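In what follows, a single structure is set out as structure tokens and then discussed.
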Amino acid sequence: MSDDRPVFDYYSFHAASTDGLTASPASELMKFTGYFLDVRTKHFDWQRYRDAIADRPHDMLRSQKFESADIFRQNNIVSFIVNSIGDILHRVSGSDAGFDKDVMTARVENAFTSLEIKEESGFASWEMTGTNSAFTYRIMFDVPSNDATADICSLVTTVRIVADIYEKETWFGLKSTSRHEFSADVTAIRLACSKDFIAGPKP
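When we follow my numbering, the leftmost residue of the sequence shown carries the number 1499, and every step to the right adds one.
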């Protein structure tokens, strides 16, 4: 997988934007973020990512909030689990920045009910875990920043859902009302990024 190919899905709340990554700084942030996904294991190294942000020499990319949260195993439907995930994303993004909780929740629900497409696009990855299996979905949201020192505020997110599902193909048939034993872990970071941010070489 090329470093230039996005490994995170993308959604922008810019009024004039589409889902496409067409302009800096979002495209540069996407490139930089992709450096920390192991192309072999599909593991995103959050610790290295956060350390690299902290070590940037200029104040063009700043961490504003970070959280890693678990949703404990329960017998429930996809939409219920996704709503709990949306609560976490809303908590990290903050009500002041302009991220829309309902839209973010809908994007995650769409991903987990169209996993075959998301996997083919490079935004989701499957793994076995004991007698269960899991899918991890990666997405970056952004909004225009209300901080005078930044141009966009981004929410970089990984969502890993574990279920009592053995075959990958069963995941591809999930609907909002599908019921399983689900658990999840959600990791998200809110970043302030200036228009002059450049990804630079892979660390």
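Glycine is no exception: its CB is placed at the ideal position from the N, C-alpha and C atoms.
The structure displayed is predicted, hence computed values, not measured ones.
Just to confirm before moving on: does the CB-CB distance between residue i and residue j stay below 8 Å?
i	j	result
H1512	P1642	yes
N1644	A1609	no
P1555	S1692	no
D1507	K1599	no
M1602	F1564	no
Give me the residue from the options with the minimum Cα distance to residue i.
i	options	result
G1628	A1648, A1550, E1665	E1665
L1672	F1639, A1622, E1607	E1607
R1677	F1578, P1555, W1624	F1578
K1529	V1684, F1680, V1654	V1654
T1656	F1621, L1613, G1592, I1551	F1621
R1560	Q1545, S1525, I1650	I1650
I1687	W1544, G1532, A1632	W1544
Within its chain, find whatever has a CB closer than 7 Å to the CB of residue i; leave out the 5 residues flanking it on each side and keep chain order.
i	result
T1611	V1576, L1672, K1673, S1674
Can you tell me the Cβ-Cβ gap for residue i and residue j, rounded? I've got them flagged as a contact below 8 Å.
i	j	result
N1630	A1604	At roughly 26 Å, the Cβ-Cβ gap does not stay under 8 Å, so N1630 and A1604 are not in contact.
F1680	I1696	That belief does not hold up - the Cβ atoms of F1680 and I1696 are roughly 40 Å apart, past 8 Å.
Within a Cβ cutoff of 6 Å, which residues of the same chain sit near residue i, ignoring the five residues on either side of it in sequence?
i	result
A1567	I1586, V1684
L1535	V1505, F1542
S1510	D1640
Can you find the residues in the same chain that come closer than 8 Å, C-beta to C-beta, to residue i, ignoring five residues on each side of it along the sequence?
i	result
F1670	L1613, E1614
S1623	K1540, E1617, F1633, T1634
Q: Enumerate, from N- to C-terminal direction, the unbroken beta strand (DSSP E) stretches of 3 or more residues contained entirely within the region 1536-1579.
A: 1559-1575
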